[in-house]
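Here the working numbering is used: the first residue of the sequence shown is 2, the next is one more, and so on. Notes follow the structure.
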Amino acid sequence: MSISSEVILHDALALPAVERVKIVDQLLSSLDEADSLLDAKWAKEAESRLDAFDRGEIRSIPLEDILARYHKG
2 MSISSEVILH DALALPAVER VKIVDQLLSS LDEADSLLDA KWAKEAESRL
52 DAFDRGEIRS IPLEDILARY HKG
């Protein structure tokens, strides 16, 4: 990390939480560029998973079961 980046980080960490969240949101938004190739691959993957579910090759897990696993740990 460059010295200027370290200074920015140091200053940002001194801000109130609400301001830090706003900065994080803006930084993440700047990285979230549309990628049509990636979007197409995810759409194909989603269709493939749905087809496998419809054929009975994979099963769903109720949300309550998933949440229970994480609340135990």
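Ideal Cβ placement from N, Cα and C applies to all residues, glycine included.
Cα atoms of His11 and Ile4: separation of roughly 10 Å, rounded to the nearest angstrom. A direct Cα-Cα distance of roughly 17 Å separates Leu39 from Ser31. Counting along the chain, Ser49 sits inside the alpha helix (DSSP H) bounded by residues 37–55. DSSP places Ser31 inside the alpha helix (DSSP H), whose first and last residues are 18–32.
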